[in-house]
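Asks:
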Amino acid sequence: MTTPLRIGFIPLVDAAALVVAVDKGFAKAEGLDVTLVREVSWSNVRDKLNIGLFDAAHLLAPVAIASSLGLGHVKVPIIASYNLGLNGNAITVSPGLHAAIMSEIEGDPFDPMATALALSRVVAARRHSGAEPLVFGMTFPFSTHNYQLRFWMAAGGVDPDEDIRLVVLPPPYMVDSLANGQVDAFCVGAPWNSVAVDLGVGHILHFVSDILLRAAEKVLATRREWSEKNPDILAALIRAHQRAAEFIEHPQNRAEVAGILGQPERIGIDADVIRRTLDGRLKISPDGTMRESSRYLLVGREGSARPDPVLAVWLYAQMVRWRQATISPEAAEIAQAVFRPDLYDAALGSRAGQDEAAFGSVGAFAGPAFDPADVGGYLAAFNVFRRVP
Amino acid sequence: MGAESSPKIVIVDESPIRAAILEEGLREAGFTGVVRISEMQSLLARIYALDPDVILIDLENPSRDVLEQMFQVSRAVRRPIAMFVDQSDSASIQASVDAGVSAYIVDGLKKERIKPILDLCISRFNAFSKLQDELDRAKSALEDRKVIDRAKGILMKLKGLTEEEAYVLLRSTAMREKKKIGEIAQSILTASELLK
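Those protein sequence lines, which keep their order, are chains A and B. Residues 190 to 578 in the working numbering are what the first sequence lists, from first letter to last. Residues 5 to 200 in the working numbering are what the second sequence lists, from first letter to last.
1) What does residue 43 of chain B reach in chain C if we use C-beta pairs closer than 9 Å?
2) Buried or exposed: which applies to residue 260 of chain A, given that a residue is buried once 16 or more other Cβ atoms fall within 10 Å of its Cβ?
3) From B:194, B:49, B:39 and B:24, pick the residue whose C-alpha is nearest to that of residue 371 of chain A; which is it?
4) What does residue 329 of chain A touch in chain B if you count any residue whose Cβ is under 8 Å from its own?
5) State the DSSP-derived secondary structure class of residue 13 of chain B, mapped to helix, strand or coil.
6) Do you know how far the Cα of residue 566 of chain A is from the Cα of residue 454 of chain A?
7) Starting from the Cα of residue 189 of chain B, find the closest Cα among B:199, B:171, B:200 and B:198 and give me that residue.
8) On the three-pair Cβ rule with 8 Å, is the segment 216-229 of chain A touching the segment 421-441 of chain A?
9) Do residue 262 of chain A and residue 197 of chain A have their CB atoms nearer than 8 Å?
10) Using only the alpha-carbon positions, how far apart do residue 6 of chain B and residue 530 of chain A sit?
11) Please state the DSSP three-state secondary structure of residue 192 of chain A.
12) Which runs of the beta strand (DSSP E) at least 3 residues long sit entirely within the segment 28-87 of chain B? Give them in chain order.
13) Under the rule that 16 or more other beta-carbon atoms within 10 Å means buried, what is residue 21 of chain B, buried or exposed?
14) At least one CB of chain A closer than 8 Å to the CB of residue 39 of chain B: is that the case?
15) Which residue's Cα is closest to the Cα of residue 488 of chain A: A:265, A:326 and A:379?
16) Can the beta-carbon of residue 339 of chain A be found less than 8 Å from the beta-carbon of residue 503 of chain A?
17) Using the Cβ count rule (16 or more neighbours within 10 Å means buried), how would you classify residue 492 of chain A?
18) For residue 63 of chain B and chain A, any beta-carbon pair shorter than 8 Å?
19) Mapping the DSSP letters down to three states, classify residue 464 of chain A as helix, strand or coil.
20) When you compare only the Cα positions, how much space is there between residue 392 of chain A and residue 210 of chain A?
21) For residue 470 of chain A, count neighbouring C-beta atoms within 10 Å of its own C-beta (all shown protein chains included) and say buried if the count is 16 or more, exposed if not.
22) Tell me, which residues are paired with residue 195 of chain B by DSSP?
23) Tell me the DSSP secondary structure of residue 7 of chain B in three-state form.
24) Report yes or no: do the segment 103-118 of chain B and the segment 135-154 of chain B share at least 3 C-beta pairs separated by less than 8 Å?
25) As a quick exercise: from A:264, A:232, A:256 and A:270, pick the residue whose alpha carbon is nearest that of residue 429 of chain A.
26) Do residue 323 of chain A and residue 286 of chain A come within 8 Å of each other at the CB atom, strictly closer than that value?
27) Name, please, each residue of chain A whose Cβ falls closer than 9 Å to the Cβ of residue 59 of chain B.
28) Under the DSSP definition of a beta bridge, which residues are partnered with residue 271 of chain A?
29) When you compare only the Cα positions, how much space is there between residue 228 of chain A and residue 317 of chain A?
30) What does residue 259 of chain A touch in chain B if you count any residue whose Cβ is under 7 Å from its own?
31) Can you tell me the Cβ-Cβ gap for residue 494 of chain A and residue 431 of chain A, rounded? I've got them flagged as a contact below 8 Å.
32) Flag this pair as yes or no: are the beta carbons of residue 374 of chain A and residue 282 of chain A separated by less than 8 Å?
33) For residue 541 of chain A, which residues from the same chain have a beta carbon less than 7 Å from its beta carbon, with the 5 sequence-adjacent residues on both sides left out?
34) Have a look at B:165, B:74 and B:128 and flag the residue whose alpha-carbon is nearest the alpha-carbon of residue 110 of chain B.
35) Is the distance from the Cβ of residue 389 of chain A to the Cβ of residue 298 of chain A below 8 Å?
36) Please report the straight-line C-alpha distance between residue 362 of chain A and residue 334 of chain A, rounded to a whole angstrom.
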């Protein structure tokens with residue numbers, strides 16, 4: 190007997206494990222008959238998961254937390270039992286802004302502190318000359334993209350709410366908006382950064398792994414209530430994802446994976462761009478300069494699929510820093526409980542992946558080490574934060 | 005917004021026909037302050053300039069995420085906006101998602117005032133998709149007829165049949181093969197292309 194499931198996703202490379210679990214038959218082997226539903230907005234994914242039109246979803250990790258806390262929307266407890274991707278975003282800037290930052294930079298252009306300080310000088314110069322504030326695009330108010338951009342520029346003294354304008358843009362509109370000057374930069378997932386570089390309208394300034402070594406990006410999200418009622422189905426789903434992730438991470442399978450993801454009803458873009466994303470080998474400049482990183486996007490390797498509650502609390506801390514949430518120990522606890530390594534471990538047993546050394550660490554380039562037990566103390570170390578509600 | 009005057013409603017929809025149908029429905033129901041936006045560039049700036057009480061957006065629109073930004077308190081936002089969710093009425097949320105529309109309201113607007121707008125919206129959206137289905141069916145029927153006419157022509161020429169006989173041959177073949185007559189006609193066209 191097979192169990193029918195409807196799972197929503199947004200066409201991005203970090204939906205890879207979900208798509209491969211279905212298209213390579215790993216879900217079927219676990220007795221699951223999954224229908225993947227491609228969506229156009231995170232709002233849709235969230236709402237359809239919340240009201241039960243989807244059994245599970247490819248979801249921004251911060252949305253799972255916001256939904257569980259009832260921030261900005263209906264409160265529906267969500268859990269994340271499988272981490273679909275760690276990192277995977279990049280910050281891309283227009284050629285004009287790239288030149289401006291490079292003319293101000295002191296030090297290594299891959300050092301986020303050096304670029305953030307250079308950005309603050311560019312911002313100051315623009316203010317002096319009476320130019321309009323720079324505009325940065327990101328994908329959703331509750332998104333890692335939002336927090337990564339803010340964390341980075343604030344470290345250089347740029348106040349993301351006062352000194353620049355931060356706007357939400359749907360990923361498919363990012364590249365056009367950069368090309369026509371509506372935004373000067375954006376932070377988005379794959380493939381959009383590469384698309385901008387290939388078209389010659391953007392330079393990849395940073396992989397987000399420059400900013401944080403480990404950021405929970407997208408999760409396999411289910412309603413807590415549904416998960417408690419269907420523990421066996423959820424376990425089967427986790428196992429199917431694990432097999433898919435193992436398949437994806439095997440370098441020998443990369444070409445096949447890129448082909449599967451490139452299908453029009455899946456991500457629907459050039460398989461070659463997907464391949465570069467999975468390999469962490471990206472063209473960062475229209476002149477053809479390449480950059481490689483083993484930390485660009487992790488789909489399961491190094492234990493990255495195991496939900497790390499510390500990363501959930503770090504995301505909650507960002508919500509507090511930027512006044513999307515109020516601070517309380519209860520809220521921190523709710524955020525932490527969204528991520529469920531226990532369910533991941535139970536489903537996989539000895540096959541569970543884990544990186545003892547890295548688990549529980551964020552690895553941010555600035556600020557003190559993150560202590561999930563003391564969000565207030567951690568945030569007190571930052572002098573740029575949202576002051577007025 | 006005057007408490008009793010008609011609320012200002014913005015419809016964000018890239019389908020001009022559907023937006024027009026919705027606007028007409030709202031006007032008929034006495035909501036006179038309706039503005040349509042079909043261009044997604046600088047969406048927020050346009051909305052702020054209009055300063056509406058209610059925003060309606062179709063769910064096929066990626067710019068729905070842009071509207072979520074309005075919940076965030078920021079300098080750019082003059083009046084906080086909330087998504088319309090009546091937590092006590094999950095049936096209406098379900099109905100609105102099924103119909104493919106979502107409503108955002110300015111904080112403070114009474115539930116009783118938004119409910120009739122949303123209900124109307126749902127029924128118009130459903131009517132529109134029914135219309136769209138019918139149109140699609142009519143289009144494919146027309147396509148079929150063109151294909152069948154061409155297939156009949158080929159049969160008449162090759163086998164020296166009358167139009168009536170050609171049609172009977174197509175129909176009986178379709179019945180025997182348990183296929184649609186349009187499919188049989190299409191395979192005749194394909195075959196004749198190949199044999200040219």
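Where a beta carbon is used, it is the ideal one built from N, C-alpha and C, also for glycine. Note that this is a predicted model, so its numbers are computed, not measured.
Replies: Quick look at the numbers:
1) Considering every chain present, this structure includes no chain C. Its protein chains are A and B.
2) The residue you call residue 260 of chain A lines up with position 71 of the first sequence. Its Cβ being crowded by 16 or more others within 10 Å, residue 260 of chain A is buried.
3) Position 182 of the first sequence, counted from the first residue, corresponds to residue 371 of chain A. It is B:49 whose Cα lies nearest to the Cα of residue 371 of chain A.
4) Here residue 329 of chain A refers to the residue found at position 140 of the first sequence. Chain B residues near residue 329 of chain A: 69 and 72.
5) Here residue 13 of chain B is taken as the residue at index 9 of the second sequence, counted from 1. Reduced to three states, the DSSP call for residue 13 of chain B is strand.
6) Residue 454 of chain A sits at position 265 when you count from the first residue of the first sequence. Residue 566 of chain A sits at position 377 when you count from the first residue of the first sequence. Each residue's Cα considered, the two are about 47 Å apart.
7) On the second sequence, position 185 is the one that residue 189 of chain B refers to. Taking only the C-alpha atoms, the option nearest residue 189 of chain B is B:171.
8) The answer is yes - the segment 421-441 of chain A touches the segment 216-229 of chain A, with three or more Cβ pairs under 8 Å.
9) Reading the first sequence from its first residue, position 73 is the one you call residue 262 of chain A. Reading the first sequence from its first residue, position 8 is the one you call residue 197 of chain A. It is not a contact, given that the beta carbons lie outside the stated cut-off.
10) Translated into the one-based positions of the second sequence, residue 6 of chain B becomes position 2. Translated into the one-based positions of the first sequence, residue 530 of chain A becomes position 341. Below a pLDDT of 50, predicted positions are generally treated as unreliable, and residue 6 of chain B, at 43, falls in that range; the measurement from the model is reported next regardless. Between the C-alpha atoms of residue 6 of chain B and residue 530 of chain A there is a straight-line separation of about 52 Å.
11) As a working mapping, residue 192 of chain A is identified with position 3 in the first sequence. The answer is strand: DSSP assigns residue 192 of chain A an E or B state.
12) Look at the segment 28-87 of chain B and you find these whole runs of beta strand (DSSP E), each 3 residues long or longer: 38-41, 58-62 and 85-87.
13) In the second sequence, counting from the first residue as 1, residue 21 of chain B sits at position 17. So residue 21 of chain B counts as exposed.
14) For this step, residue 39 of chain B is matched to residue 35 along the second sequence. The Cβ of residue 39 of chain B sits no closer than 8 Å to any Cβ of chain A.
15) Residue 488 of chain A sits at position 299 when you count from the first residue of the first sequence. Looking from the CA of residue 488 of chain A, the closest CA among A:265, A:326 and A:379 belongs to A:379.
16) For the purposes of this step, residue 339 of chain A is identified with residue 150 of the first sequence, where counting begins at 1. For the purposes of this step, residue 503 of chain A is identified with residue 314 of the first sequence, where counting begins at 1. Not a contact, by the Cβ cut-off of 8 Å.
17) Counting from one through the first sequence, the residue named residue 492 of chain A turns up at place 303. Label assigned to residue 492 of chain A: buried.
18) Taking the first residue of the second sequence as 1, we reach residue 63 of chain B at position 59. Among the CB atoms of chain A, one or more fall inside 8 Å of the CB of residue 63 of chain B.
19) Translated into the one-based positions of the first sequence, residue 464 of chain A becomes position 275. In the structure shown, residue 464 of chain A adopts helical secondary structure according to DSSP, grouped into three states.
20) Taking the first residue of the first sequence as position 1, residue 392 of chain A is located at position 203. Taking the first residue of the first sequence as position 1, residue 210 of chain A is located at position 21. The straight-line gap from Cα to Cα measures roughly 33 Å.
21) For this step, residue 470 of chain A is matched to residue 281 along the first sequence. Exposed, because fewer than 16 other Cβ atoms sit within 10 Å of the Cβ of residue 470 of chain A.
22) Within the second sequence, residue 195 of chain B is the residue found at index 191, counting from 1. Beta-bridge partners assigned by DSSP to residue 195 of chain B: none are found.
23) Position 3 of the second sequence holds residue 7 of chain B. Reliability fails at residue 7 of chain B, whose pLDDT of 43 lies under 50, so the model's placement of it is uncertain and the value that follows must be treated cautiously. In this structure, residue 7 of chain B counts as coil in the three-state DSSP scheme.
24) As far as the Cβ criterion goes, the segment 103-118 of chain B does not touch the segment 135-154 of chain B, which means the pair count is below three.
25) The residue you call residue 429 of chain A lines up with position 240 of the first sequence. Comparing Cα-Cα distances from residue 429 of chain A to each of A:264, A:232, A:256 and A:270, the minimum goes to A:270.
26) Against the first sequence, residue 286 of chain A aligns to sequence position 97. Against the first sequence, residue 323 of chain A aligns to sequence position 134. Yes, the pair counts as a contact, with Cβ atoms nearer than the cut-off.
27) Against the second sequence, residue 59 of chain B aligns to sequence position 55. Those within 9 Å of residue 59 of chain B in chain A number zero; the least Cβ separation is about 13 Å.
28) Along the first sequence, one-based indexing puts residue 271 of chain A at 82. Note: residue 271 of chain A is bridge-paired with A:409 in the DSSP secondary-structure output.
29) Here residue 228 of chain A refers to the residue found at position 39 when the first sequence is read from its first residue. Here residue 317 of chain A refers to the residue found at position 128 when the first sequence is read from its first residue. Residue 228 of chain A and residue 317 of chain A: Cα-Cα distance of roughly 43 Å.
30) Here residue 259 of chain A is taken as the residue at index 70 of the first sequence, counted from 1. For residue 259 of chain A, there are no neighbours in chain B by C-beta distance under 7 Å, as the nearest C-beta there is about 10 Å away.
31) The residue labelled residue 494 of chain A in the question sits at position 305 within the first sequence. The residue labelled residue 431 of chain A in the question sits at position 242 within the first sequence. Contact between residue 494 of chain A and residue 431 of chain A holds, with the beta-carbon distance rounding to 7 Å and staying under 8 Å.
32) Numbered from its first residue, the first sequence carries residue 374 of chain A at position 185. Numbered from its first residue, the first sequence carries residue 282 of chain A at position 93. Yes. Within cutoff.
33) Sequence index remark: in the first sequence, residue 541 of chain A carries index 352 (1-based). Once the five neighbours on either side are set aside, the close Cβ partners of residue 541 of chain A are 495, 533 and 534.
34) Within the second sequence, numbered from 1, the residue matching residue 110 of chain B stands at position 106. By alpha-carbon distance to residue 110 of chain B, the top candidate from B:165, B:74 and B:128 is B:74.
35) For this step, residue 389 of chain A is matched to residue 200 along the first sequence. For this step, residue 298 of chain A is matched to residue 109 along the first sequence. With a cutoff of 8 Å on beta-carbon distance, residue 389 of chain A and residue 298 of chain A are scored as not near each other.
36) Reading the first sequence from its first residue, position 173 is the one you call residue 362 of chain A. Reading the first sequence from its first residue, position 145 is the one you call residue 334 of chain A. Each residue's alpha carbon lies about 15 Å from the other.
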